[in-house]
Each structure stands twice: as C-alpha cells, then as structure tokens.
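Taken in sequence, the protein lines are chains A and B. Okay, so the first sequence: first residue is 24 according to the working numbering, each after it adds one. Okay, so the second sequence: first residue is 456 according to the working numbering, each after it adds one. Using N, Cα and C, we set each Cβ at its ideal position, and we do this for glycine too. Have a look at the structure below, then the notes.
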Amino acid sequence: MAEWIKACEADDVDEEDVIRFDHGSRTFAIYRSPDDEYFATDGLCTHEKVHLANGLVMDDIIECPKHNGRFNYKTGAAKGAPVCVNLKTYPVKLEAGAVMIQID
Amino acid sequence: MVIVGAGECGARAAFALREQGYQGSVTLIGEELHLPYERPPLSKEAMASEADPAAKIVTDLRKLADARIILMSGARVVRLDRQAHDVHLDNGASIPYAKLLLATGASPRRLPGLPESSRCVTLRTFDDALAIRRHLAAGVRVAIVGGGFIGLELAASARRRGCPVTLIEAQPRILMRGVPAEIAAVVHAEHERQGVCIVCGQGIASIAEAGETIEIALAGGERIAADLCIIGIGAVPNTGLAEEAGLAIDNGIAVDARLRSSDPDIFAAGDCCSFPLAVYGGRRVRLEAWRNAQEQGGLAARNMLGQDEPHATVPWFWSDQYQLGLQIAGLSDEGRDTVRREVGPDAFILFHLAGDGRLVAASGIGTGTAVARDIRIAEMLIARRASPSREALAAPETRLKALLAA
C-alpha cells in the first residue's frame, strides 16, 4: 500500500544535486532541481544497478556515474544508450522542511 | 548503408542511422555468432560471477527487426571493392554499399612463439571469456602477461574465484600507458593486498606447455608454472580489409575529424581507427574504449548521412578492480603538472595541467564511483579548454561544479 515516508531534510540536498536515501531493503535517489523543486526516483541505474547518487545532475538530467547513462529525473525517461529502460519515479512533497516521498 | 563489425560501435551506428531518419537499407555484418554485446563486463562480472554469465547484449532481434536492420552474424568480410562499391563475404556473397562503415575493432596483440594451447589464451570476445572462466576454479594457478587494464581486471576476477595469480609486466610499473604513477601505485598496492604476485620490469624469455602446465621463463631467469596463462599485452587495430583496399593507415584506419577515411564513401569508427582529437589541437590518436566506440558509432552514422559534424568529445575511460573504481577523462600525457584533490577519505583525483595552465586531463581513483562526479565535471572543463585555478582544483571545499559556471 502506498505510504508517505520522510526521505531527508530539504537542506540535505543542494540545488541541482542528488543524494541517496535507503529505506528497508530499497534505495532511492532524491533530487533538488535548479528551480528548487524536489523529485525522487529508484536509486539504481537500470543499466548496471549502480547507485545514481554519485552521478551528476545537470538541469533535469541525472547521469549515471558509471557509464553516463542519462535519465530525466523528473519523468524517469531514459535518454538513450546505454540506458533503454526508464527509471521509476515517486511522488514527492515538502512537509515542515522535510522531503517526503510516496512509496508503494 | 553497410557496417562491417557488429560490436558496440557498429550496432550503435546502425541504430543511429535510423534515429536520423534514414529509410534505406542498413546491413550490419559481424563475425561472431552472438547478438551485439558489451565487451567491458567480459574481464569483470562475466569472470567473477559464480553463475554462468550471459552476454550483455546491446540489442535484440525484435529491436533489430523493428529498426529494419539486417544483422548478418557469423559472416566474415574478405574483401572491399571500392570501384564496384561492394563488400565480399567468405560465403561468396557480395553486398553493395553507398556508404560503408568499418567498425572492425581490434584483436589481442600476440606474443611470438606461444604454444598452441587451450591453456594459453587471450581475451576479446564472449567466447574467449567463456573459455577462460572454465579454467577459473579455486587453486588453479593463473599467470597473466601484461599489467594493463585487461590483465589487472582479469587478475582481480581470478582472485575472486580463488585462483593464485601472478602478473608479469615488462615495463617498470603497471599501467604505464595512460595512467599516472600515483594512481597505478594505488592499484598495485590493492592487488598485492588481495594476494596477487606482481612482477614488473621483466620480459618474457619463453612460454611453453609441459603436460597440463604452462611454464613461463622470465628474462631474468625466474620460472613461473601456471595452469592457465592469459596474454593481455594490448590490442592491434583490425585494418586488414582497409589496407588491402588501399585506404590510408596510420596506427589504425586513418580518418578525419568526421571519421571519413581516405575514400569519401568509407568511414571508420571505434578501436580500429585513428582520428584527430580536436581538444588537443588535432593530435592523432586511436582509442580503445567503450564510450569512444559508442560515440563514434553515432557520429559516423550522422556523417554518413551528410551531417558534417566533427568529433568534439574528450576521451574517457574507466576500470573496475575489486572495490576500486578508476576513471580518466582526457589523456594525462598532455599534462606538464598535476594538482591533487582529495575526494573523501579513500579517493583522490589528479588534475593534469598543460604548461599554460589549461586543464587537459583528470585521473581519479576511489571506492566504487567515488570520483565519478568530479571526473565528469573535469571532462566538461577540459572540453571547454578551461584553466581553473590550482587552488580551486585542490580544495575539497570548492564545488567543482561552480567552476563550470565561471
């Protein structure tokens, strides 16, 4: 069942950056866009299961730190070779200075 | 459009032709029987995993069919006929082309005088990888000739499988080509910690098979007995077809910045070609790298369709050994001087600066992908021909990303 969980404090993520958030056995990536919005996706690249949180955020793109696979972190869309499988995204809201994500 | 070579580069080119809207026929010819697959895992996951590996394919029959790409597997091109504009296959068939892409890759460099033995092998293809991993069981003595990326990655994988490993490098240190000594030292130390015996500065006098043992005699007189000997001393570009067809060759099929060979209807891309690298003033290089193969496949396809787009990217390589991840952007031999930046407790980056202060390369090593983000930013700075201050590069508290905005 879908539930909202706290991922981090809003200040934990720099603008145009990403951090890793683990919850139980799952891992997520939490993004803050250059226009100061927050987003969440699965934490591992769909190509070779590498943690995306060491990757580089440029505008609305996260680039995998291993092989430069690119995704739009707002939509999860894979942006071409070597990645062809989209990234799952999760709803995000800010509540009392905390970043909340809705997981299933 | 005909593409010779169905590796990462050729396959990428075939799809790029379609992505550009090309509607005519696209034929991809490969010698191997496999679908196009990624080679980087062959020395890593495919060796180290307990379970039998599957090739990591980059496309499947469905995608090829949807893109109307004809894949001819297990087919060898034996001759190019530039006048008639066709390629001849070993089965006697010929295929006409309007534009031809040679993505023929490279082959392992051979050591002269090696015994013909299933215990004395090289690694290039998935089948090579399967043949090697069949030997890798706990206790099987492995000797590796060559301390480059392939040899070292295989050493790490063999250790993971419980094999005693000796690695022999003729140069005074491992990773002489393209990796700074300071980073090679970290890799060397980790291999020794993991139990690999590394012998540097020793040439091979002879390699012989004696029963089920491979006996390696070093130039200094030392003898090493192994159950499996892997030769990893680099690769030579597959230029045979191009040479016989009279195309210009210069450490690979010589192409211009648009990847066009000395014949305007024939292009070359990936490991098989040498090209002028714009970021270093047109220095001619040949790169053996996964990302280069991909990028050049796409670039060649666009130029085959008349895009007139010059090569503009910065070389980028990586290697994984044990928990260590090494990444290099640019060619470090372009640098005169280095600035070191610590990235967390067990990772660092060397920034290589040219005499005029321009950032020309960055080499990093650390656990996993610890250096990845900064190397990627460095790559962008190199592409912009930036000259960031040494202080900013060295100071961990300076965000490198801020330098991009400067």
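- Counting the other Cβ atoms within 10 Å of the Cβ of N706 of chain B gives fewer than 16, which makes it exposed.
- The beta carbon of T559 of chain B does not come within 8 Å of any beta carbon belonging to chain A, so the residue lies off that interface.
- Separation of V600 of chain B and G650 of chain B (C-alpha to C-alpha, rounded to the nearest whole angstrom) is 17 Å.
- Exclusion of the five residues before and after D127 of chain A leaves A25 as the residues of its chain whose Cβ lies within less than 7 Å of its Cβ.
- For S787 of chain B, no beta strand (DSSP E) encloses it, and the DSSP letter there is neither H nor E.
- Contact of I783 of chain B with chain A by beta-carbon distance below 9 Å is absent, the smallest such distance being about 14 Å.
- In the assembly as shown, T98 of chain A is an exposed residue. Its beta-carbon has fewer than 16 other beta-carbons within 10 Å.
- Identification of chain A residues near I832 of chain B by a Cβ-Cβ cut-off of 8 Å yields L79, ordered along the chain.
- Identification of chain B residues near P88 of chain A by a Cβ-Cβ cut-off of 7 Å yields T824, A827 and R828, ordered along the chain.
- The beta carbon of Q749 of chain B sits closer than 8 Å to some beta carbon of chain A.
- Taking 8 Å as the cut-off, the Cβ atoms of C618 of chain B and A644 of chain B do not count as close.
- Residues of the segment 92-116 of chain A with a C-beta less than 8 Å from any C-beta of chain B: A104 and P105, listed in chain order.
- If you ignore the 5 residues before and after N109 of chain A, its C-beta comes within less than 6 Å of the C-beta of G99, A100 and A101, all in its own chain and listed in chain order.
- For V73 of chain A, the residues of chain B that pass the 7 Å Cβ criterion are T824, in the order they occur in the chain.
- What R757 of chain B touches in chain A, judged by beta-carbon distance under 9 Å, is nothing: the nearest beta carbon there is about 14 Å away.
- At a cut-off of 8 Å between beta carbons, R746 of chain B contacts chain A.
- Within the same chain, Cβ atoms closer than 8 Å to the Cβ of Y735 of chain B are found at L786, E789 and V815, the five residues on either side in sequence being excluded.
- The DSSP assignment places complete alpha helix (DSSP H) segments of no fewer than 4 residues inside the segment 516-601 of chain B at 516-521 and 581-590, in order along the chain.
- Taking every protein chain shown into account, the CB of S774 of chain B has 16 or more other CB atoms within 10 angstroms, so this residue is buried.
- Counting only runs of at least 4 residues, the segment 630-692 of chain B fully encloses the following alpha helix (DSSP H) elements, listed from N- to C-terminal order: 636-648.
- The beta-carbon separation of L760 of chain B and Q475 of chain B, rounded to 5 Å, stays under the 8 Å limit for a contact.
- Contact residues of the segment 719-743 of chain B toward chain A are absent (C-beta to C-beta distance below 8 Å).
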